[in-house]
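Numbering (this note's numbering), first residue to last: 14 to 261.
The structure under discussion appears below in the form of structure tokens.
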Ligand SMILES: NC(=O)c1ccc[n+]([C@@H]2O[C@H](COP(=O)([O-])OP(=O)(O)OC[C@H]3O[C@@H](n4cnc5c(N)ncnc54)[C@H](OP(=O)(O)O)[C@@H]3O)[C@@H](O)[C@H]2O)c1
């Protein structure tokens, strides 16, 4: 299989900032056209589009609240209408709510499950038929899909469930589409800014991580590019942990 990515489009959810933006940059630099989504970060979306254009590929950011099934339906229709050759979907958008069982509201529970678990499911259901042969889907879990804190139940449950959804979909969509997952450790983005901005917590994570540092968005983008692209010809249904060894 060649590494010529010309005229192949990848859909990246939550591509305007954080890990999603790094994925968008990495893939566009490799020659993929990009469709990405964002929710409220309009300015970041515009600057991501501008940054991608310098690679000479097509790029378009769509505002989609992925907690809404109607919006997912509309977006899927727009993607189909675009006529672009869809090579892959990267289901990256996610939210973290760190509440305990007595603190978490129904709304936060539902929002977390809808965005982190149901949105990847609905997008896959709506769009798998237009993914090209030998195409790919990559979902994003977390080390908290394997381990648990005594809080963040919606987050942890959604991240464990996406690992198993990945396995089932991989079996159903094989051999045409590979479905894999990446489970990041502690990555420096807005999601855990409070954590890495605190000197004590920053140093604690650094100390207990065998690779002796926090992860950066590009660490995850590199793993996604590999799992998604033509170098991965035979891995499907897997979750690749990218955590500097903290989960060992
Ligand atoms: N950072 C970490 O340490 C870490 C660790 C493990 C796993 N992960 C996972 O990696 C993925 C990306 O995380 P990140 O750290 O890059 O997060 P982030 O910086 O907080 O970015 C979150 C992204 O999700 C989008 N989003 C939020 N609510 C949405 C909604 N209702 N509908 C559509 N999109 C929405 C945001 O768009 P707007 O800007 O428009 O709001 C943004 O693009 C998530 O699935 C996360 O769980 C992260």
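No residue lacks a Cβ here, since even glycine has one placed at the ideal position from N, Cα and C.
Note that this is a predicted model, so its numbers are computed, not measured.
Just grab the DSSP bridge partners of residue i for me.
| i | result |
| --- | --- |
| residue 252 | 194 |
| residue 212 | According to DSSP, residue 212 bridges with nothing at all. |
| residue 117 | Answer is none; residue 117 lacks a bridge partner. |
| residue 200 | 228 |
| residue 99 | 22 and 144 |
Taking C-alpha atoms, which residue in the options lies nearest to residue i?
| i | options | result |
| --- | --- | --- |
| residue 43 | 216, 22, 120 and 27 | 22 |
| residue 245 | 148, 171, 36 and 177 | 148 |
| residue 173 | 202, 184, 153 and 183 | 153 |
| residue 137 | 111, 198 and 90 | 90 |
| residue 158 | 107, 171 and 69 | 171 |
| residue 105 | 35, 161, 184 and 189 | 35 |
| residue 139 | 83, 218, 230 and 207 | 83 |
| residue 116 | 95, 133, 232 and 164 | 164 |
| residue 67 | 38, 78, 51 and 55 | 38 |
| residue 75 | 176, 47 and 100 | 47 |
| residue 191 | 236, 247, 142 and 255 | 247 |
| residue 231 | 223, 216, 256 and 142 | 256 |
| residue 252 | 226, 227, 201 and 197 | 197 |
| residue 167 | 206, 209, 121 and 131 | 121 |
| residue 113 | 69, 169, 65 and 146 | 169 |
| residue 128 | 50, 61 and 143 | 50 |
| residue 19 | 27, 45, 33 and 30 | 45 |
| residue 250 | 73, 151 and 216 | 151 |
| residue 258 | 212, 73, 155 and 58 | 155 |
| residue 77 | 25, 64 and 98 | 25 |
| residue 60 | 118, 178 and 29 | 29 |
| residue 224 | 238, 110, 199 and 175 | 199 |
| residue 188 | 226, 141, 208 and 205 | 141 |
What are the boundary residues of the alpha helix (DSSP H) that residue i is part of?
| i | result |
| --- | --- |
| residue 76 | Segment 72-76 is the beta strand (DSSP E) holding residue 76; no alpha helix (DSSP H) there. |
| residue 36 | 31-42 |
| residue 106 | Premise fails: residue 106 is in no alpha helix (DSSP H) and is neither H nor E. |
| residue 204 | Looking at the DSSP string, residue 204 is not in any alpha helix (DSSP H), and its letter there is neither H nor E. |
| residue 241 | 230-241 |
| residue 259 | Where residue 259 is concerned, there is no enclosing alpha helix (DSSP H), given that its DSSP letter is neither H nor E. |
| residue 19 | Unbroken run through residue 19: none, as it is neither H nor E. |
| residue 55 | 55-66 |
| residue 83 | 82-95 |
Where do the ends of the beta strand (DSSP E) carrying residue i lie?
| i | result |
| --- | --- |
| residue 49 | 46-51 |
| residue 24 | 22-25 |
Taking the runs of the alpha helix (DSSP H) that are 4 residues or longer, which of them lie wholly in the stretch 129-195?
Annotation note: the stretch 129-195 contains the following uninterrupted alpha helix (DSSP H) runs of length 4 or greater, listed N- to C-terminal: 132-140 and 166-186.
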